Amino acid sequence: MGKIYALSTNKIESQLAHTFKGRSYTWRIGEQAIGSGDAGEVYPVTCLEDPSLEGVMKKPAHIATGGTIQRQAGQIAQESLALARLEGLPQCKAHPPRLLDLAPEFTQGTANFFMVSEAAPGKDMASLLTESHQTGKPFPRRVIITVLDALFDLFARAHRAGVLWNDVKLDHIYWHNPTGQVAVIDWGNAQFLGQAQEKSQRTLPRWEDYQQLVDTLGLFLQQNAPELYIDLGWEEFQNKELDLPQISVLARRIAYQQQVIGLRVMEYQALIRVILSAEPGIDGLNKIRSYQNRLDEIGAPWEAKVILDYAKSLIVNALAEGDTQIAIKGTTIVWDLFDDSLDLSWHLLREYFRIPDLISHPGLYELARTTLNENWSSALWALTTIAREKQSPDWWDHIMPVLRQKAVGTAASRPYQIGRALHSWSQSQKPQEQNSPERISNILQNWRQKGESLEDNPFDYHLLELIQAEPGIPKQILAEAKQSFAEGQDAVRELVKAWHTMNWDAFPKAVRNLINWDPDRWGIIHLAESVDALQTWINNLYEGPSGGMEIPSFIDQTIENRPKIEKVLGTPPWMKSLVKMLAALKNGVPVSNFKMEVTHWSPWLLGYKTVYDESQINADQKVVQETLAHFTQHLKNWSDLETGLEDVRRDAPQYHPACKKIIKDFHSITNLNLDVSKIASECQTPPHPVLNDTCQVLRILASWRCALAAKDNPKALSILKKANQKGWRILNHAHEITAEWIDDIQPLLMAIANQALPAEQASLKKQHQRLVSIANDCHELKENWEMIYVTGLNAQLLENLTKTADANRTAFLEWRRSFEHTNDRTSALLYNVDLDHIRRISDDLLRLSQHFRQAQLNFSELREGKDIPFATTLQIGNRLLNHLREVEQVLATNPEDVHFPGWIDTLQSIDTARTQPERRELVLNMSHDHPLYAWLVQSLLAQ
Amino acid sequence: METKKFGPNKKFKLAEPLDTWLSYGLRDFSVPEAVGSSARVFSLDFPPLTGDFADYPAIKIMRPDKIDYALPLFRSEIAILDILQDVPGITPMIGLGYMQVSDGVWPDEIAPLTASQKEQASASNLVGTVDLYSMDETHQFLAELDTRISENWLAFIVLPNRWEDNLYLRCDAGYSRGDYNRTLPVSIALQAALQICEILQVAHEKGIVYLDHKALHYYWNEPRQQVYILDWNIGRQIKNGNATDVYEFDVLQFSARALHHFMTGRQAAGSVKVGPNNPEEISNAPHKYEPIWTYDDQKRLTQDEMDVLGQAIQGHYKTPSALAEDLQTLYNQRQSQA
């Protein structure tokens, strides 16, 4: 009991030692001072009565001489007076801390005096500057300009309250990034305006704070934001005695720059969003980088995730098209943008792109896609497939373990690693027969090749036998081996189960699990390839002979080419039955003896008595004919195709493979990547006379596809027009869509591309009405644009042009999306045929939208920038004209309509003029139709 | 010609090996692939051939176990060096001769990076006789070559020892630990390549091709900003008139092996790897290489640089001066960016 009491007392004493009683509250101070200096020490404090109230306590330094203590206590008292008078300036853009409490009056002038005020949120500017130097990132302009603007506001309000801060330093100005709040601390040097100072102190003028600001921040600006230094014309104010008009000019310039920066942030964010809404491209990503650099300079936030998604699509699409260099370029830009904040998948992608073996391999697409989608199991599979081909590449051991760890979710040892550990251990042992290092070394050497031929089972793990037979193996190796091989057995069991139940869908997952467990056993990939080959073999057997091959030869070939993977996976009952059936058929046993098996494995044989009897049976049976006619009707109406096919399987099974292929061909006729010649050859010989019409339709559609591939839409249409087969929905639909594309859409696209007025069209689908309105708006935009040449630039005109360009871009994008997400595969096909043209239009609309936006921004900067230096405004003017030149490149159809390059030259010659009279001369002599003529004359007169 | 005895206590002494290690800056690296296929190279302590700053020359001696293979290579190298003797950037021959070893064991190919290795690797225990020829007696030397070899003499050449930074160490991603951006900036790579092209152009004009363009054969003198080349034994004199293909092949080999290595930290995919290469290996090398640009290449090189290098390894440049012209443009671009 006594001990507990003693402990509690100690605790209370230690608490009391850190507790200070103020006039209003009791404060507990933190262990460590957060600052100390000439003016005393600063501690974090918490209010005991109200723990939510926190602040900082300033008190004289605890190790100081009597005189210093007195001076510091005096300064603290002075500061408390200033803070009390300012009361935190709640309406101001920058806040001095509010005074929360003071030490009792009797402590004044002693070491026990203190003051408690609010803590300033965020970081001081000096620390931010150090951080910016350390990270190599520019000091954010948004912070600088907001702070400058806030300080001007603070000075005005503080001076009105009669307080002069008199201590403008970077260390005293705090910036809180999440809220954009500015706080200023350390008012110990404050002076009270209109109040007599102590003898030792000089009475300072009212603009002393401004003077200190100009001098203190001048060097900072010059070094960290030189263009802002120039834009603000800071030099004009430095090393001069300021007066009220000068302060007022500087304040206006700062306010203007703040507006400009705000506008720019909005603008760049909008421009990035415009790019993000378009199709991913390397130019787009480059532009995002350049806009992003500007936003970084400004210090504005940006949408990282959306940009990463954009980059990801770009890279994956580029790799799908085989353009590895674009993918790598894209990745370099992503790294420039995000650097180390990127996650593992991007780190891995960068590593892939460092390895020539991987860059030049066709499997890179799969590897990169699965990695970026964080499908680790598939990524490991793709990597292993490449490694197996390259044979022991040097990159294997540094990339594979990362992927494996992600795929299995643990860093459990690989069997091969366990083997290596065992090898190292055995080398340190006396030579014994069982664990001889040579034997283990031999196992390790053959590890990857094991299973490369099916004679050699990839699941034979001699290492396991060796471990089980050797009693002296270290416990750690034994435990790892037990755990690892138990996992391996599960994976093998899963695979064998899929094999026995012929569950092909479960196979890929099962073999991937095996590779996840032992990625060094490349024979597993060979096994997976053998299973694929077996599936193809079964499928070929199901479809029957092609290309005029005779049935006996086909059966012989089938038997001969059977992938023999039973050695590895065993012979399941279904395989036994299949092999038996083939052997019997080869020996001339009647097909009817194996009716059930034949129906399952090769139904086309049901039409024959034996494989040596070429004459088909039952082909003219009524039920067969009716079933096939019924199937044709389904195709014709394009309805319930599966039902039609199921009927064939039931009532005319010998035609099921052929009908299945026909349906597949019909479905694939609108595929973007289609082997037309394959379809054309497949439908040359109808399997049954009832299917003649069906095959003819398929041939017509194949010819239509050929004409589309040659971009000969009229020929494609005429092929469909000539078709005699009536009532085929698929033909009619192809005809309708092709005609619509030629008659309605292409003329509208042409009109949009040329900004021409679209021709009147009587009946248009609602979806295409949108194109008419885009074409009209494009034409109107061009007409409005031409007004610039007549009336010059004005805000209203530029705003209208920007709005129209933006609306056109968005509307066109929506129209494109309607095709990109359509369920109508024929429409999607025709859209893709014209995709190059459509992309060009999109690019032009994007350029118009971007450059009009930028031009509008520059124009508003020019209009607002009355007080800014002339050289700066000339640069803005130059930027404005350059953006309009880009617009002109899109809109001007004739060379004589091109004016902006000449106007830009004129402006540059004015900019580079050496003297003011020379400049004046150039302005006065310039052509009056120059869009900036009026503004230039006005600016010169104002000077 | 003067006959001398050599050995530990003689005026003419063989010392540490120079073909098992290389240096870059103040660091020495063991480089097993530096060993030649036809010769061993040692430091030579022989005052008349020692430089002004006590810098020992190198002596390149025919491998006694590969006489038949080495003989034509030595003949070729001596003849070439005789022709190119005064070309800037060439490591000139400063002596040549024959040697007969009467006692001692040839040392293993060990880099002398520790005291014990130094002892094991040194040829100082070799004792025998040398017949030393002056540079004016080169023709006489060549005339006697076959006879001398049949009489169990070994031919040797004395060359200045290259103390400069070996460009292989500065550019190879393996030796520079992937930091070749810093160890060999692109501007230096371009400057060195330009100078090599100039040397090659002179050689071609004199009817000589180099062919063995591994980065290991080039040294960069940082203070003088000058490249030096050595080892011409796989090079040959073209004596059958119009042999444009061989000259073009020389430019291609330079592009795929050396230039690509300087620019990207690795040789072009499919080119002959750095090692003790023999003439057949090089003459059987592909006549075209597909450019593969990695992430680091795209970060390090500009598009123009990748384009020029890509064209070079595909055999676009027919003469060293044509390649030099484009390299000069790239170099100027780099300088203006800097």
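So the sequence lines, in the order shown, correspond to chains G and S. The first sequence runs 1 to 943 under our numbering. The second sequence runs 1001 to 1338 under our numbering. A virtual CB, placed ideally from N, CA and C, is assigned to each residue, including glycine. On a predicted model such as this, the values are computed, not experimentally measured, just so you know.
Residue interval of the beta strand (DSSP E) (run including residue i)
i                          : result
glycine 953 of chain S     : Beyond the ends of chain S as shown, which are 1001 and 1338, falls residue 953 of chain S; an answer cannot be given.
isoleucine 669 of chain G  : First-last for isoleucine 669 of chain G: undefined, no H or E at that position.
glutamine 1226 of chain S  : 1226 to 1229
tyrosine 1295 of chain S   : Element bounds for tyrosine 1295 of chain S: not the beta strand (DSSP E) but the alpha helix (DSSP H), 1295 to 1300.
isoleucine 63 of chain G   : That residue, isoleucine 63 of chain G, is in no beta strand (DSSP E); it is neither H nor E in DSSP.
methionine 1062 of chain S : 1058 to 1062
glutamate 1353 of chain S  : The requested residue 1353 of chain S is not part of the displayed model; chain S covers only 1001 to 1338.
leucine 1044 of chain S    : 1039 to 1045
threonine 19 of chain G    : 19 to 21
threonine 26 of chain G    : 26 to 29
DSSP bridge partner residues for residue i (one or two, in chain order)
i                          : result
glycine 55 of chain G      : G:Val45
leucine 99 of chain G      : G:Ser117
isoleucine 173 of chain G  : G:Val184
glycine 1128 of chain S    : S:Phe1006 and S:Val1101
glutamine 1237 of chain S  : S:Ile1208
asparagine 1221 of chain S : S:Gln1226
serine 1023 of chain S     : S:Asp1028
threonine 35 of chain G    : It should be noted that the sequence gives glycine, not threonine, for residue 35 of chain G. BP columns for glycine 35 of chain G point to G:Val42.
Cβ pair residue i, residue j closer than 9 Å
i                            : j                         : result
leucine 1084 of chain S      : valine 1202 of chain S    : yes
valine 402 of chain G        : serine 849 of chain G     : no
threonine 364 of chain G     : threonine 324 of chain G  : The amino acid at residue 364 of chain G is misidentified as threonine; the sequence shows leucine. In this structure, threonine 324 of chain G lies closer than 9 Å to leucine 364 of chain G by Cβ.
threonine 1020 of chain S    : proline 1160 of chain S   : no
phenylalanine 220 of chain G : leucine 170 of chain G    : yes
leucine 314 of chain G       : alanine 327 of chain G    : yes
leucine 464 of chain G       : isoleucine 440 of chain G : no
proline 178 of chain G       : threonine 1294 of chain S : no
valine 697 of chain G        : isoleucine 730 of chain G : yes
Counted within 10 angstroms of its Cβ, other Cβ atoms place residue i as buried (16 or more) or exposed
i                         : result
valine 1105 of chain S    : exposed
glycine 607 of chain G    : buried
tyrosine 34 of chain G    : Note on identity: in this sequence residue 34 of chain G is isoleucine, with tyrosine being the wrong assignment. Exposed.
arginine 1182 of chain S  : exposed
threonine 558 of chain G  : buried
alanine 751 of chain G    : buried
glutamine 15 of chain G   : Note that glutamine 15 of chain G has pLDDT 47, beneath the 50 cutoff, so the model's placement of it is unreliable and the number below is only indicative. Looking at its Cβ environment, which holds fewer than 16 other Cβ atoms inside 10 Å, glutamine 15 of chain G is exposed.
lysine 475 of chain G     : exposed
lysine 678 of chain G     : exposed
threonine 536 of chain G  : exposed
methionine 266 of chain G : exposed
histidine 851 of chain G  : buried
lysine 312 of chain G     : buried
arginine 521 of chain G   : buried
Start and end residues, alpha helix (DSSP H) containing residue i
i                         : result
serine 1321 of chain S    : 1320 to 1337
aspartate 1028 of chain S : Unbroken run through aspartate 1028 of chain S is the beta strand (DSSP E), 1027 to 1030; no alpha helix (DSSP H).
valine 1158 of chain S    : Note, valine 1158 of chain S: premise wrong, no alpha helix (DSSP H); beta strand (DSSP E) at 1154 to 1159.
aspartate 1245 of chain S : 1244 to 1253
asparagine 375 of chain G : It is not in any alpha helix (DSSP H) - asparagine 375 of chain G carries neither H nor E in the DSSP assignment.
**Item:** Contact set between the region 1284 to 1316 of chain S and chain C, restricted to residues whose Cβ is under 7 Å from the partner
**Value:** In the displayed structure, chain C is absent; the protein chains listed are G and S.
**Stretch-stretch touch, CB-based, cutoff 8 Å, three pairs: the region 1076 to 1091 of chain S with the region 1144 to 1159 of chain S** = yes
**Request:** Mind the definition here: the region 850 to 861 of chain G touches the region 257 to 270 of chain G only if three or more C-beta pairs lie below 8 Å; say whether that holds.
**Result:** yes
**Asked** Counting pairs of beta carbons, one from the region 1108 to 1127 of chain S and one from the region 1163 to 1179 of chain S, are three or more of them closer than 8 Å?
**Response** no
**Message:** Whether or not the region 513 to 522 of chain G and the region 567 to 576 of chain G are in contact is what I'm after, with contact meaning three or more pairs of Cβ atoms, one per stretch, closer than 8 Å; do they touch?
**Reply:** no
**Request:** Taking 8 Å as the threshold, find out whether the region 172 to 188 of chain G comes into contact with the region 233 to 242 of chain G through three or more Cβ pairs.
**Result:** no
**Message:** Is it the case that the region 1130 to 1142 of chain S contacts the region 1089 to 1098 of chain S, given that we only count it when at least three CB pairs across the two stretches are under 8 Å?
**Reply:** yes
**Request:** Give a yes or no on contact between the region 62 to 79 of chain G and the region 100 to 119 of chain G, applying the rule of three or more CB pairs nearer than 8 Å.
**Result:** yes
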